[in-house]
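Residue numbers (the working numbering), protein chains in the order written: chain F, 7 to 600; chain S, 7 to 169. Cβ atoms here follow ideal geometry from the backbone N, Cα and C, with glycine treated the same way. Have a look at the structure below, then the notes.
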Ligand code: SF4
Ligand code: SF4
Ligand code: SF4
Ligand code: FES
């Protein structure tokens, strides 16, 4: 890449060929106001805020869309520029309803900030204030057209980063409106509820329903953590105020998910009305009753140790969710494996990484020239992977082969689809190497092949991987999806993913934490297990049947580490303190071992 | 594609007509406008299912098909009535009371601009100028110019219209 040099505001600055004027300014820390510009998606140049003066040019030009050229002389501030920017702002304000005091974004709004910065104290144009509807059909996000400045950030992010293409503009001129699909309410559209559009909207047009009007950024704390909802462990920022998590945002600084999250991570883990377990419970005279921590731990120890004394170590079992942190799993092993010598310690959802090939990152997927997606609706529970696959196909023309099933849009983007039921996927995957097949041709000429495999497939057949072996070192790469946030960490700790408690177990301890799915699967076994202790965040049918219940924090209240599907260690950090009677799982178990 | 994925048809009666139009064009984004024009020529308007079908066939997101269609004034999203009503909103008519005339027509027919009555008898549009400013305010109803309109005349004109 060759270097160019420009004169901006009388200063010599460097850029690279292919940069826009805005990019050069960013590189040299020269401020240019922008509104429609958003890093990572293509420029549209619609807002006109970034106008600058290029010497010799006919008129002011937009810095975000004008290519920088060697020797260019640019001014980013002048009276003419200032007055045009201000007029642009006044037009934006007069076009719809921007009475900031009633807006959810007020204080965090980019339009408002620009107006302050440009000293906009009045609007010279008639206020059009058209009557516009709110779309509140969607459970998690809302659209208020009154605040929309038609910057199209949402449209571009939804199309280019998410690949959903759910948003567009309808009508034209002053009538232009943001629309989902053919003008549907958001809830009835093809929107996949990832929330990316909300995160990038510069105004109060698209907003999060849960956190609306609950605090401006400066009133809130923001903590970087990792989403435990699946094994990708996407980087998140937890926005909290007054002891409550208001919303989960994607961490734009992450090179992996880069601000994107899926519906589960951004919304589902917070929105639900589940009743918390707020204090220890012990069964007394047939009824579960509140107890102190000391009482509950004594009852737990008594129940477990009595079973071990009567039936040996094999009569005791401990099962965790593979969503538990490494620290919690270590403490569980400390008591049950090391102290009590129980052979029955496992973690539901533990899954080892397949050997032999380097793990594919999401960046690898985005840059791949061939992606082979195999599994039962591979990606359905890992939407962020789907987004990366769409980007590779749509933006770099990567070839996609789908074995099994996948989201409809990926099926459409695929050049080869091999439908297969869940018991046939592994076999169907092996057939890709059939001599002379379309797939084999593509596999053989790929330079950067990525396999994304999900249940029931856990590994890539040797022959297939060998076929994809390219001249480039380190390819193919494999991303093996796994069901839980710490599936890899649990497997590395030597815990197996078995789903049931062994026969002959007389006392069991279940570390469920905030994994509600896992508890239900023990319901049919409840009667065979004599003594049952559960460590859980939420009330559930199994909790009601336990002898001892220990309250556990939820993920936004926890510190700890997990190992994600790519073998990378990711961290959980607490955004809020757990409720008063709740103690950290690892601390509680460590205390038992003493 | 090595394996055909069955298209999930909506089963709308216009599906095969739209299919026939699609077959005449390359499945490319650039064919979008000619296809929409032909669909409208055939069906009289652009039903939502037809736009979805076109989107699917061209591999263009539905939001974009709708965006393009709604950008051009020539496309309609509701079926046209047997009798078309064009209310003039040119300067002379405007000054002569066109807003009141339009409001009265809407009231009588029970529909807004770009809509048609449920029995498809009437559809309503506004136009920039009919070209007979001396007769302002005026409208064209079923091909006939109605001159020097008043709300009362409008009421008489549409007497007995079922809303
Ligand atoms: S979007 Fe921004 S400028 Fe508009 S009303 Fe809200 S705070 Fe004010
Ligand atoms: S939530 Fe995601 S899929 Fe839905 S419109 Fe916004 S960006 Fe598109
Ligand atoms: S909704 Fe927000 S992001 Fe989308 S065009 Fe309007 S202002 Fe821009
Ligand atoms: S940022 Fe350049 S036109 Fe909007």
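9 Å Cβ cutoff, residue i in contact with chain F
{"i": "residue 77 of chain S", "result": "yes"}
{"i": "residue 134 of chain S", "result": "no"}
{"i": "residue 69 of chain S", "result": "yes"}
{"i": "residue 20 of chain S", "result": "no"}
{"i": "residue 138 of chain S", "result": "no"}
{"i": "residue 63 of chain S", "result": "no"}
{"i": "residue 17 of chain S", "result": "Only weak support exists for where residue 17 of chain S lies, its pLDDT of 48 falling under 50; the value from the coordinates is given anyway. Closer than 9 Å: no."}
{"i": "residue 94 of chain S", "result": "no"}
{"i": "residue 58 of chain S", "result": "yes"}
{"i": "residue 7 of chain S", "result": "Note that residue 7 of chain S scores a pLDDT of 33, beneath 50, so its modelled location is shaky and nothing firm can be said."}
Identity of the residue in the options nearest residue i by Cα
{"i": "residue 259 of chain F", "options": "F/253, F/242, F/252, F/250", "result": "F/242"}
{"i": "residue 124 of chain S", "options": "S/167, S/27, S/22", "result": "S/167"}
{"i": "residue 492 of chain F", "options": "F/334, F/193, F/530", "result": "F/334"}
{"i": "residue 347 of chain F", "options": "F/353, F/338, F/12, F/354", "result": "F/338"}
{"i": "residue 92 of chain F", "options": "F/175, F/398, F/396, F/39", "result": "F/39"}
{"i": "residue 257 of chain F", "options": "F/249, F/244, F/269, F/251", "result": "F/244"}
{"i": "residue 531 of chain F", "options": "F/513, F/102, F/276", "result": "F/513"}
{"i": "residue 174 of chain F", "options": "F/161, F/181, F/22, F/276", "result": "F/161"}
{"i": "residue 138 of chain F", "options": "F/435, F/169, F/182", "result": "F/182"}
{"i": "residue 374 of chain F", "options": "F/592, F/133, F/210, F/448", "result": "F/448"}
{"i": "residue 342 of chain F", "options": "F/8, F/15, F/72, F/600", "result": "F/600"}
{"i": "residue 486 of chain F", "options": "F/474, F/470, F/456", "result": "F/456"}
{"i": "residue 308 of chain F", "options": "F/538, F/75, F/566, F/69", "result": "F/538"}
{"i": "residue 678 of chain F", "options": "F/400, F/548, F/380, F/510", "result": "In this structure chain F extends from 7 to 600, so residue 678 of chain F is not present and cannot be described."}
{"i": "residue 407 of chain F", "options": "F/474, F/206, F/345, F/305", "result": "F/474"}
{"i": "residue 112 of chain F", "options": "F/30, F/210, F/101, F/465", "result": "F/210"}
Where the alpha helix (DSSP H) through residue i begins and ends
{"i": "residue 547 of chain F", "result": "547-550"}
{"i": "residue 24 of chain S", "result": "21-29"}
{"i": "residue 171 of chain F", "result": "Run containing residue 171 of chain F: none; DSSP gives neither H nor E here."}
{"i": "residue 43 of chain S", "result": "38-49"}
{"i": "residue 495 of chain F", "result": "493-498"}
{"i": "residue 100 of chain F", "result": "85-101"}
{"i": "residue 273 of chain F", "result": "That residue, residue 273 of chain F, is in no alpha helix (DSSP H); it is neither H nor E in DSSP."}
{"i": "residue 332 of chain F", "result": "332-339"}
{"i": "residue 150 of chain S", "result": "Where residue 150 of chain S is concerned, there is no enclosing alpha helix (DSSP H), although the beta strand (DSSP E) it sits in stretches over 150-152."}
{"i": "residue 117 of chain F", "result": "116-123"}
Partners in chain S for residue i, counting only beta-carbon separations shorter than 7 Å
{"i": "residue 178 of chain F", "result": "77"}
Contact with chain S by residue i, beta-carbon distance below 9 Å
{"i": "residue 165 of chain F", "result": "yes"}
{"i": "residue 187 of chain F", "result": "yes"}
{"i": "residue 138 of chain F", "result": "no"}
{"i": "residue 30 of chain F", "result": "no"}
{"i": "residue 580 of chain F", "result": "no"}
{"i": "residue 592 of chain F", "result": "no"}
{"i": "residue 175 of chain F", "result": "yes"}
{"i": "residue 10 of chain F", "result": "no"}
Limits of the unbroken beta strand (DSSP E) element including residue i
{"i": "residue 524 of chain F", "result": "No beta strand (DSSP E) holds residue 524 of chain F; the alpha helix (DSSP H) holding it covers 522-526."}
{"i": "residue 253 of chain F", "result": "250-256"}
{"i": "residue 322 of chain F", "result": "322-327"}
{"i": "residue 517 of chain F", "result": "513-519"}
{"i": "residue 3 of chain F", "result": "In this structure chain F extends from 7 to 600, so residue 3 of chain F is not present and cannot be described."}
{"i": "residue 457 of chain F", "result": "455-459"}
Cutoff 9 Å: residue i Cβ touching any chain C Cβ
{"i": "residue 418 of chain F", "result": "Note that chain C does not occur in the displayed structure, where the protein chains are F and S."}
Chain-ordered chain S contacts of residue i [CB-CB under 9 Å]
{"i": "residue 196 of chain F", "result": "67, 68, 69"}
Neighbouring residues, chain F, relative to residue i (Cβ below 8 Å)
{"i": "residue 25 of chain S", "result": "The contacting residues do not exist; residue 25 of chain S stays about 18 Å from chain F at best."}
{"i": "residue 73 of chain S", "result": "174, 175, 176, 185"}
Residues of the segment 33-56 of chain S whose Cβ lies closer than 9 Å to any Cβ of chain F, in chain order: So the list reads 54, given in the order they occur along the chain.
Determine which residues of the segment 139-173 of chain F have a Cβ less than 9 Å from any Cβ of chain S, and write them out in chain order. Cβ contacts with chain S come from 161, 164, 165, 170, 171, 172, 173.
Using a Cβ-Cβ cut-off of less than 9 Å, give me the residues of the segment 98-129 of chain S that come near chain F, in sequence order. Residues of the segment 98-129 of chain S that bring their beta carbon within less than 9 Å of a beta carbon in chain F are absent altogether.
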